[in-house]
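One structure is given below, encoded as structure tokens.
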Amino acid sequence: MSSPTLQTPARRRVVIIGSGFGGLFAAQRLRKADVDVTLIARTTHHLFQPMLYQVATGIVSEGEIAPATRVILRKQRNTAVLLGDVFAVDLEQKTVTSRLLERITVTPYDDLIIAAGADQSYFGNDHFAEYAPGMKTIDHALELRGRILGAFEQAELSDDPEERARLLTFVVVGAGPTGVELAGQISEMSDKTLKGTFRNIDPTEARVILLDAAPAVLPPFGEKLGTKAARRLESMGVEIQLNAMVVDVDYDGLVVKEKDGTTRRIESQCKVWSAGVQASPLGKQLAEQSGVELDRAGRVKVLPDLSIPGHPNVFVVGDMMAVDDVPGVAQGAIQGGRYAADAIKAEIKGQTPDQRKPFSYYDKGSMATVSRFSAVMQVPIPGTKKKFETEGYFAWLGWLALHLVYLVGFRNRLNTLINWFFAFSTRGRSQLAVTEQQVYARTALGQLSELEKKSLPEVEAGALGADQAPAAPSETTSEADRDEEPSTRAG
Ligand SMILES: Cc1cc2nc3c(=O)[nH]c(=O)nc-3n(C[C@H](O)[C@H](O)[C@H](O)COP(=O)(O)OP(=O)(O)OC[C@H]3O[C@@H](n4cnc5c(N)ncnc54)[C@H](O)[C@@H]3O)c2cc1C
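In structure tokens form, the structure reads like this:
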């Protein structure tokens, strides 16, 4: 393979991995900076994860919460957006390598911001995912919508009472904010939206079970708000089962271990997992190459300036970073992304890394919706260690307002507002379409991923040698031209 021509980059090259809250807000912060930014992400959109449950339960469409990243950044002339799954970060060569189908792209950097987020954690039981998908991506939300509505459709066709009961039992694992929101919405959808739409079954008889191994609902919100949320859910008919650890999941149900060690089975076709997170595996590569420590969830124990030891220009932000008192929430990622961008801008003006002020997180509070017209809210009182807590209608209005503010794009906000008005005032939901592709996508994607692995055995993490790492802005090879000189793409 011939070596690519070395080029001296005209400007500092900033590479950002991820188009979530950390990645996008870092890129936007660099809008006027004298740098070339390349944002690489495995999806074409910026996903507003806090509203995924509304996609899963038919309130809003996926487009409203996931605008195209390159459209958001269209006017930002110093920024290029690349689609690709980053599978290797080489700290010595200062490159990141990504894959799009069989095409491999190597992108050199001077500064790197890694904001690849986290995935669902099954605590070592990854096979549970097949029967209890998580809630992290648009695919997850659409698949879950298909599973929920599909269960009702199958129940309508069944004459067997046991089978019907299994089909009409929905289990949400994990009583954190996502689990609470999902359980509340599945319950409202069956009680209100679907009521009267079937002839052989009564959707209002559906059981919604919210399970957690912990002894409380919404633990981060404290006992008072957690108890209020639990009572509200119970008043809607949601069954809350605490101190109940899921030890097995299969197609027809799951097995739960109680605190006293006894086990029991719940028959349920539709299960959803919202019980834990595991940071991006890119953290492991950083640990292997730099010696930085990871916590139990695989998050990178970054230095006070969010960089990693020995690499002051490699920042890890958002759900991938482990920083005391910074929760895995959107604000943590936004503030981390902006901090890293500011550090890069300051360096261009002459500041050295040792002059950086440590990252400090400003807690703006947290919220979770429980149902239509009901939410819990916790906001720190400035100058004290106390928090203002409230729940109910006003907290719900606050949730709506805040989420509208952070949704990207005026049209998305307007569409969402219209959908909310429709959903909350009439109990109707306009996004109940389900396609065959959504329902069977997991199987098809699994097969595709196996095929990809077979066709690209040599490009696993770290397998690209130094001689293959080009110095031009961003270089792409495909399976066909791997042995040829890679074509150069403007970064
Ligand atoms: C269902 C749900 C509900 C939530 N609700 C709330 C809420 O109400 N309030 C709140 O504050 N927070 C909430 N959160 C948490 C919040 O969304 C996250 O803390 C935040 O998204 C983290 O931002 P991030 O940039 O670190 O990661 P993400 O937003 O997850 O973005 C990660 C990005 O990296 C990309 N990526 C990942 N791996 C690779 C790779 N190998 N190569 C290329 N690209 C890659 C992904 O495609 C994505 O673009 C919720 C999360 C979920 C899942």
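full-length UniProt numbering numbers the first residue of the sequence shown as 1 and each following residue consecutively. C-beta: ideal position from N, C-alpha, C; glycine also. Keep in mind it's a predicted model, so treat the numbers as computed, not measured.
Inset, instruction - My understanding is that Met51 touches Val60, with C-beta atoms under 8 angstroms, so please give their C-beta distance in whole angstroms. - result: Yes, Met51 and Val60 are in contact; Cβ-Cβ is about 6 angstroms, under 8 angstroms.
Inset, instruction - Go to residue 493, then tell me how far its beta strand (DSSP E) extends in each direction, as first and last residue. - result: Absent from the structure is residue 493, since the part of the chain shown begins at 1 and ends at 491.
Legend entry - Coil, strand or helix - Pro177 by DSSP: It is helical.
Legend entry - Val379 vs Ala368 beta-carbon contact at 7 angstroms: Against a cut-off of 7 angstroms, the Cβ pair of Ala368 and Val379 comes out as no contact.
Inset, instruction - Say yes only if the C-beta of Phe21 is nearer than 6 angstroms to one or more non-hydrogen atoms of ligand 1, and no if none qualify. - result: For ligand 1, a non-hydrogen atom lies closer than 6 angstroms to the CB of Phe21.
Legend entry - Three CB pairs or more closer than 8 angstroms across the region 78-90 and the region 53-67: Cβ pair count under 8 angstroms is below three, so no.
Legend entry - Residues near Arg338 by beta carbon distance below 8 angstroms, same chain, minus five either side: Phe25, Ala26 and Arg29.
Inset, instruction - Report whether the distance from the Cβ of residue 492 to the nearest heavy atom of ligand 1 is below 6 angstroms. - result: Since the first residue of the chain shown is 1 and the last is 491, residue 492 is not available in this structure.
Inset, instruction - Closer than 7 angstroms by C-beta to Asp295: which residues in its own chain qualify, once you throw out the five before and the five after it? Chain order, please. - result: If you ignore the 5 residues before and after Asp295, its C-beta comes within less than 7 angstroms of the C-beta of Lys301 and Ala322, all in its own chain and listed in chain order.
Legend entry - Gly237 CB to nearest heavy atom of ligand 3 below 6 angstroms: As presented, the structure is devoid of ligand 3, carrying ligand 1 as its sole ligands.
Legend entry - Alpha-carbon spacing of Ile114 relative to Val35, whole angstroms: So the two alpha carbons sit approximately 17 angstroms from each other.
Legend entry - Stretch pair the region 251-269 + the region 395-408: three plus CB contacts closer than 8 angstroms: No, they do not touch.
Inset, instruction - Identify, in the order they occur along the chain, each residue of the same chain with its Cβ nearer than 8 angstroms to the Cβ of Leu282, setting aside the five sequence neighbours on each side. - result: Cβ neighbours of Leu282 beyond the five flanking positions: Ile17, Val86, Val89, Ile114, Ala116 and Met320.
Inset, instruction - Indicate, with yes or no, if ligand 1 has a heavy atom lying under 6 angstroms from the CB of Val89. - result: Answer for Val89: no, Cβ out of range of ligand 1.
Inset, instruction - Enumerate in chain order the residues of its own chain whose CB-to-CB distance from Arg42 is below 6 angstroms, with the five nearest sequence positions on each side excluded. - result: If we look at Arg42 and ignore the five residues flanking it on each side, its Cβ neighbours are Asp85.
Inset, instruction - Measure the CB-CB distance between Leu211 and Val173 and report whether it falls below 7 angstroms. - result: Their beta carbons are under 7 angstroms apart, which means Leu211 touches Val173 by this criterion.
Inset, instruction - In the DSSP assignment, find the unbroken beta strand (DSSP E) run with Pro219 in it and report its ends. - result: Run containing Pro219: none; DSSP gives neither H nor E here.
Legend entry - Ala229 versus Val217 - alpha carbon distance: Between Ala229 and Val217, the C-alpha separation is close to 7 angstroms.
Inset, instruction - Report yes or no: do three or more beta-carbon pairs, one from the region 262-279 and one from the region 119-136, lie closer than 8 angstroms? - result: Yes, the region 262-279 touches the region 119-136.
Inset, instruction - Quick one: using the 10 Å Cβ neighbour count with 16 as the cut-off for buried, is residue 504 buried or exposed? - result: For residue 504 there is no data in the structure shown, the boundaries of the chain being 1 and 491.
Inset, instruction - Would you kindly report the start and end of the unbroken alpha helix (DSSP H) that includes Val370? - result: First-last for Val370: Ser366 to Ser371, but that is the beta strand (DSSP E), not the alpha helix (DSSP H).
Inset, instruction - Just the C-alpha distance for Ile65 and Asp260, rounded to the nearest angstrom, thanks. - result: Note on geometry: alpha-carbon atoms of Ile65 and Asp260 lie some 43 angstroms from one another.
Legend entry - Endpoints, the beta strand (DSSP E) within which Ser425 is located: Element bounds for Ser425: not the beta strand (DSSP E) but the alpha helix (DSSP H), Phe410 to Thr426.
Legend entry - First and last residue of the uninterrupted beta strand (DSSP E) at Thr204: Thr204 -> no beta strand (DSSP E), and no H or E assigned at all.
Inset, instruction - Determine the direct distance from the alpha carbon of Pro161 to that of Leu464, and round the result to whole angstroms. - result: Below a pLDDT of 50, predicted positions are generally treated as unreliable, and Leu464, at 43, falls in that range; no measurement from the model is reported.
Inset, instruction - Can you tell me which of Ile186, Thr435, Phe373 and Val208 puts its alpha carbon nearest to the alpha carbon of Trp420? - result: Of the residues Ile186, Thr435, Phe373 and Val208, the one whose Cα lies closest to the Cα of Trp420 is Phe373.
Legend entry - Beta-carbon contacts of Pro382 that lie in its chain and below 6 angstroms, excluding the five residues immediately before and after: There are no such residues.
Legend entry - Rounded C-alpha distance that separates Thr137 from Arg13: Going from the Cα of Thr137 to the Cα of Arg13 covers about 29 angstroms.
Inset, instruction - Classify Val459 as buried or exposed, calling it buried when 16 or more other Cβ atoms lie within 10 Å of its own Cβ. - result: Model confidence at Val459 stands at a pLDDT of 49, short of 50, so the residue's coordinates are unreliable and nothing is read from them.
Legend entry - Leu157 classed as buried or exposed, judged by whether at least 16 other C-beta atoms fall within 10 angstroms: Result: exposed.
Inset, instruction - With DSSP collapsed to three states, give me the class of residue 517. - result: An answer regarding residue 517 cannot be provided, because it is not within the stretch 1 to 491 covered by the chain.
Inset, instruction - Output the distance between the C-alpha atoms of Val71 and Gly409, rounded to the nearest integer angstrom. - result: So the two alpha carbons sit approximately 10 angstroms from each other.
Inset, instruction - Kindly examine ligand 1 and report whether one of its heavy atoms sits closer than 6 angstroms to the Cβ of Met245. - result: No heavy atom of ligand 1 is found nearer than 6 angstroms to the CB of Met245.
Inset, instruction - Assign Glu288 to one of two classes, buried (16 or more other C-beta atoms within 10 Å of its C-beta) or exposed (fewer than that). - result: Exposed, because fewer than 16 other Cβ atoms sit within 10 Å of the Cβ of Glu288.
Inset, instruction - Return yes when at least one heavy atom of ligand 1 lies under 6 angstroms from the C-beta of Met135, else no. - result: Yes, since a heavy atom of ligand 1 falls inside the 6 angstroms radius drawn around the Cβ of Met135.
Inset, instruction - Assign Asp34 to one of three DSSP states: helix, strand, or coil. - result: The answer is coil: DSSP assigns Asp34 none of H, G, I, E or B.
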